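In what follows, a structure is listed as structure tokens, so that the remarks can point back to it.
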Amino acid sequence: MIDASLRAGVGTGAAFIALEPTGHFMAAGAKLLHEVAEPRLAEAATLWWTLEKLDELGISHVRLLSDCEQLVLAWSSNKRNNSYFHGLIQDSKEMTPLFHKLIVKHVGRDKNKMADQLARIAFDVNDITWLDSVPTSLVHFFRNDACYVNLNSLFE
């Protein structure tokens, strides 16, 4: 799961949460991206940063779930465009060979609450990564059935 949270005059909180298809927590990260100040660019920059971080962590089977439909459509498209947004998407696509499996899929906001919460936390932590254990601030979301009713369907 990935998400971005934008704060005017501050930047973008970027976040990812890596789960196995069983729902087992693998890793999570949050980072403040100072230079991004537009929603679409925030999502694209978060995608790029997430792929870079997952490669660094050695996570090679990746299914990214995002509530940003524009991001997922741009990822799936072969269209070339000179915009900064599409440039970030293209830079992200160029990282594909680093992964054994890489899929980007759209999910509703109700299925992305954990990443949304973590993106907001990025403003307070600046740059942090958790491995093997759920960040305390997200435990509530893992326990809340309304947030994650059917995890397996997200990985199909």
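The opening residue of the sequence shown carries number 8 in the working numbering; numbering runs sequentially from there. Cβ atoms here follow ideal geometry from the backbone N, Cα and C, with glycine treated the same way. Note that the coordinates shown come from a computational prediction; the quantities given were computed from them, not determined experimentally.
Original post:
Going along the chain, which residues of its own chain have a beta-carbon closer than 6 Å to the beta-carbon of residue 113, five neighbours each way excluded?
Top reply: 76 and 79
Original post:
DSSP state of residue 49, grouped into three classes?
Top reply: helix
**OP:** With distances taken Cα to Cα, identify the nearest neighbour of residue 29 among 126, 70 and 122.
**Re:** 70
Original post:
What residues in its chain sit with their C-beta under 8 Å from that of residue 100, if we drop five residues either side in the sequence?
Top reply: Excluding sequence positions up to five before and after residue 100, its CB lies within less than 8 Å of the CB of 82, all in the same chain and listed in chain order.
Original post:
What do you reckon, are the CB atoms on residue 39 and residue 133 nearer than 8 Å?
Top reply: For the 8 Å CB-CB criterion, residue 39 and residue 133 form a contact.
Subject >> Distance, residue 106 Cα to residue 140 Cα >> reply: 23 Å
Subject >> residue 53 beta carbon less than 8 Å from that of residue 25 >> reply: no
Original post:
Helix or strand or just coil, what does DSSP make of residue 135?
Top reply: Of the three classes helix, strand and coil, the one that applies to residue 135 here is strand, per DSSP.
Subject >> Span separating the alpha-carbon of residue 129 from that of residue 67 >> reply: 24 Å
Original post:
Looking at residue 121 and residue 8, is the spacing between their C-beta atoms short of 8 Å?
Top reply: yes
Original post:
Does the beta-carbon of residue 61 have 16 or more other beta-carbons within 10 angstroms, so that it is buried, or is it exposed?
Top reply: Classification for residue 61: buried.
Subject >> Per DSSP, cross-strand counterpart(s) of residue 21 >> reply: For residue 21, the beta-bridge partners assigned by DSSP are 11 and 38.
Subject >> Local conformation of residue 130 per DSSP, three classes >> reply: Three-state result, residue 130: helix.
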